[in-house]
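Structure first, then comments.
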């Protein structure tokens, strides 16, 4: 195995799935460590050619080690890894909150360390992934990491690791904010008498169309004005959304700030 993925939760499996889809030869090169027996057995059936283990193999030697575990479990996993005396060229982490400094301190192997934060849409190759590594970085390793992450969607190299917690709060958690907003709109449509299917399509196609327009236009205020005619229906709705006691901007900013604080908190004990 040239690549070892530790953890096969939602993001770990998403990475595995995309890497296999983009390179059929990877099924012979990827190994996965998953301690949950039920999850591991399910994945064995789903990815029959991939080697799954309950524990990290002794003296494992490979090219890339990926951490796709919950940050709360990192310290215990790090101790296990060090006891196994593994060797790897690259260590890549997609754990929220865990800094490169913590990774290097806890993982006792000579490797180039990278930190990344993908999001849920990586599962379909339309994700957003921020990635960072401290200089100097070996060019061929950086190129390889970018190549692997490109299979998940759009890749953005972060200039400062301090931006990781904000990134987590915006794009990492962002899909959930969008899903909640969509759910509210869909439920509103259903309450007016539209069918479940039609309600979903009305909202999804509205959001998709708005996103496409925004791709080619940076002036959001102007776009809002284009829809909100004076005295019209949109203006009536926006007055509710921007009232002091129900201001959507204030509420959402507060929510994102809480996600940011939580990301920082998760890394404190790592």
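Numbering (the working numbering), first residue to last: 1 to 270.
Ideal Cβ placement from N, Cα and C applies to all residues, glycine included.
Cα-Cα separation between residue i and residue j, rounded to whole angstroms
i, j, result
"residue 142", "residue 166", "23 Å"
"residue 22", "residue 151", "7 Å"
"residue 178", "residue 83", "42 Å"
"residue 284", "residue 87", "No answer is possible for residue 284: it lies beyond the span of the chain, which begins at 1 and ends at 270."
"residue 158", "residue 132", "5 Å"
"residue 260", "residue 70", "16 Å"
"residue 240", "residue 214", "23 Å"
"residue 106", "residue 73", "12 Å"
"residue 45", "residue 67", "22 Å"
"residue 359", "residue 155", "Here the chain has residues from 1 to 270 only, and residue 359 is not among them."
"residue 231", "residue 225", "12 Å"
"residue 160", "residue 248", "30 Å"
"residue 40", "residue 121", "23 Å"
"residue 246", "residue 184", "15 Å"
"residue 36", "residue 229", "55 Å"
"residue 236", "residue 221", "16 Å"
"residue 255", "residue 269", "23 Å"
"residue 238", "residue 201", "23 Å"
"residue 48", "residue 212", "39 Å"
"residue 243", "residue 207", "23 Å"
"residue 109", "residue 18", "27 Å"
Residue i, buried or exposed, once every other Cβ within 10 Å from all chains shown has been counted against 16
i, result
"residue 169", "buried"
"residue 14", "buried"
"residue 111", "buried"
"residue 30", "buried"
"residue 227", "exposed"
"residue 274", "Limits of the chain in this structure are 1 at one end and 270 at the other, which puts residue 274 out of reach."
"residue 25", "exposed"
"residue 251", "exposed"
"residue 219", "exposed"
"residue 195", "exposed"
"residue 127", "buried"
"residue 192", "exposed"
"residue 78", "buried"
"residue 119", "buried"
"residue 8", "buried"
Pair within 8 Å by beta-carbon distance, residue i and residue j
i, j, result
"residue 153", "residue 117", "no"
"residue 199", "residue 205", "no"
"residue 5", "residue 16", "yes"
"residue 56", "residue 80", "yes"
"residue 97", "residue 263", "yes"
"residue 43", "residue 52", "yes"
"residue 114", "residue 138", "no"
"residue 124", "residue 11", "no"
"residue 92", "residue 145", "yes"
"residue 20", "residue 28", "no"
"residue 163", "residue 134", "no"
Assigned secondary structure, residue i (DSSP; H/G/I helix, E/B strand, else coil)
i, result
"residue 31", "strand"
"residue 254", "helix"
"residue 117", "strand"
"residue 93", "strand"
"residue 47", "coil"
"residue 73", "helix"
"residue 23", "coil"
"residue 6", "strand"
"residue 131", "strand"
"residue 41", "helix"
"residue 152", "coil"
"residue 59", "coil"
Rounded distance between the beta-carbons of residue j and residue i, thought under 8 Å
i, j, result
"residue 102", "residue 267", "7 Å"
"residue 203", "residue 223", "Contact doesn't hold; Cβ gap of about 18 Å is too wide."
"residue 62", "residue 104", "No, residue 62 and residue 104 are not in contact; Cβ-Cβ is about 18 Å, not under 8 Å."
Proximity test, residue i beta-carbon vs the ligand GDP heavy atom, cut-off 7 Å
i, result
"residue 25", "You won't find the ligand GDP in this model; it holds no ligand whatsoever."
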